[in-house]
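This report concerns only the one structure given below.
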Amino acid sequence: MAEKKKAGLGRGLTSIFGSDVEKVLDDIQNNAMEVPGRREIELSIDQIRANPYQPRKEFDEKALRELADSIKLHGIFTPVLVRSSVQGYELIAGERRMRAAKMAGLRTIPAISVDFTDEQMMEISLLENIQRENLNPIEEAAAYEALIRRLGYTQEQLAERIGKSREYCANMLRLLKLPQPVQELVTTRRLTMGHVRPLLALEDEDEIYDAAEKIRKDKMSVREVEKYVRELTGGKKKEKPGKKEVRRDPLIVDLENRMSSKLGTQVSINGRTLNIHYSDTADLNRILDILGMIEE
């Protein structure tokens, strides 16, 4: 079995990760998987450079201090994952432990060095953060965009790799279309994803930003935001005579997207008809199980 996993790594991490990066990391750390160049070493923290593919930009200072206090008392049980570089080592996984170790005043840290390519390093670091860490929505969307841009994923491949629906991935990626100042409001938790998602129905960046600021200052609920955006979009100029209205209610579109994300399949709402698509009997049973309609 170990030989099989070793061969898989030779073809790249994509061929063996599936949607369970956490198990792969645990196997590497516990020496349950043969990895090229694996070595357990003690490294000076100054020898380790930050991961260039780290999607997380914001770290919870309180949580880091709590981890640092724990490290002072008990030490570090789980080594960080690194790879050798021209100048020392590059961190692959374990940035929170690294930061907390520095905060705790440690000079060295236990590490596992592996021979990963740039592609393998990027994929494991991005997927680890997506699946193990609580990224804010903008960081999560940026990680998805990086996997698509740098590794050539399609949205379907991305969804399969992270264990989400394609609709969920598409909705997250759309957040990156928001103006940078509005993204910052989400990153700093002054607005939630639920607050800014309806703003994507607006076309002008200045209008989106002004709306976001009003939402923040007025402390609107998500439902109030939806009503507010409906009023804004309802004030657009009328269509030309003889031309059918093609613009759909953005709140209906958002509801379709949320239901698609929840059920992991395409959902469409037309008039008073709700359509939930499924591929086969097994897929239908999966959806019914999510809805709590499978009898025990």
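Numbering (the numbering used here), first residue to last: 1231 to 1526.
Every residue gets a Cβ at the ideal spot worked out from N, C-alpha and C, and that includes glycine.
Quick caveat: nothing in here was measured; it's all calculated off a predicted structure.
Measure the Cβ-Cβ separation of residue i and residue j and say whether it is below 8 Å.
| i | j | result |
| --- | --- | --- |
| Glu1397 | Gln1496 | yes |
| Arg1380 | Met1352 | yes |
| Ala1373 | Ala1334 | no |
| Leu1403 | Glu1375 | yes |
| Leu1521 | Glu1358 | no |
| Asp1345 | Pro1266 | yes |
Would you kindly work out how many angstroms separate the C-alpha atoms of residue i and residue j, rounded to a whole number?
| i | j | result |
| --- | --- | --- |
| Leu1356 | Pro1340 | 22 Å |
| Glu1288 | Arg1502 | 43 Å |
| His1304 | Val1483 | 51 Å |
| Ser1274 | Val1312 | 12 Å |
| Phe1307 | Gln1259 | 10 Å |
| Ile1517 | Ala1389 | 17 Å |
| Glu1469 | Asp1257 | Bear in mind that the predicted position of Glu1469 carries a pLDDT of just 48, short of 50, making it unreliable; the figure below should be weighed with that in mind. About 60 Å. |
| Asn1515 | Arg1286 | 36 Å |
| Thr1338 | Glu1272 | 6 Å |
| Ala1512 | Asp1519 | 10 Å |
| Leu1493 | Lys1394 | 10 Å |
| Gln1277 | Ser1314 | 10 Å |
| Tyr1508 | Glu1270 | 47 Å |
| Gly1242 | Lys1253 | Low local confidence applies: a pLDDT of 41 at Gly1242 is under 50, so the model's placement there is unreliable, with the coordinate-based value given in what follows. Cα to Cα, Gly1242 sits roughly 16 Å from Lys1253. |
| Leu1462 | Val1452 | 15 Å |
| Ile1524 | Ile1499 | 24 Å |
What are the start and end residues of the alpha helix (DSSP H) that includes residue i?
| i | result |
| --- | --- |
| Asn1487 | 1480-1493 |
| Leu1462 | 1452-1464 |
| Pro1282 | That residue, Pro1282, is in no alpha helix (DSSP H); it is neither H nor E in DSSP. |
| Glu1296 | 1291-1304 |
| Arg1329 | 1325-1333 |
| Asn1515 | 1511-1520 |
| Asn1401 | 1396-1404 |
| Arg1446 | 1435-1447 |
Quick one: measure Cβ to Cβ for residue i and residue j, integer angstroms, because I've assumed they're closer than 8 Å.
| i | j | result |
| --- | --- | --- |
| Val1310 | Leu1294 | The Cβ separation is near 15 Å, so there is no contact. |
| Arg1460 | Leu1481 | 6 Å |
| Ile1354 | Glu1370 | Their Cβ separation, rounded to whole angstroms, is 16 Å, which puts Ile1354 and Glu1370 out of contact at 8 Å. |
| Val1316 | Ile1368 | So it is not a contact: roughly 32 Å between Cβ atoms. |
| Tyr1383 | Pro1411 | Wrong, their Cβ atoms sit about 28 Å apart, outside the cutoff. |
Candidates the options: which alpha carbon is nearest residue i's?
| i | options | result |
| --- | --- | --- |
| Arg1391 | Asp1436, Leu1377, Asp1345, Thr1347 | Leu1377 |
| Pro1409 | Arg1516, Leu1365, Leu1432, Asp1513 | Leu1432 |
| Pro1428 | Lys1447, Asn1401, Pro1411 | Asn1401 |
| Tyr1283 | His1304, Asp1257, Ala1323, Ile1342 | Ala1323 |
| Val1455 | Leu1514, Ala1330, Gly1424 | Gly1424 |
| Tyr1458 | Asn1487, Asp1436, Val1426, Lys1394 | Val1426 |
| Arg1279 | Arg1269, Lys1332, Glu1296 | Lys1332 |
| Leu1430 | Asn1500, Ile1342, Leu1406 | Leu1406 |
| Asn1261 | Ser1343, Arg1453, Cys1399 | Ser1343 |
Between which two residues does the beta strand (DSSP E) carrying residue i extend?
| i | result |
| --- | --- |
| Thr1338 | 1338-1343 |
| Arg1313 | 1310-1314 |
| Thr1384 | No beta strand (DSSP E) contains Thr1384, which DSSP labels as neither H nor E. |
| Val1265 | Run containing Val1265: none; DSSP gives neither H nor E here. |
| Thr1503 | 1503-1506 |
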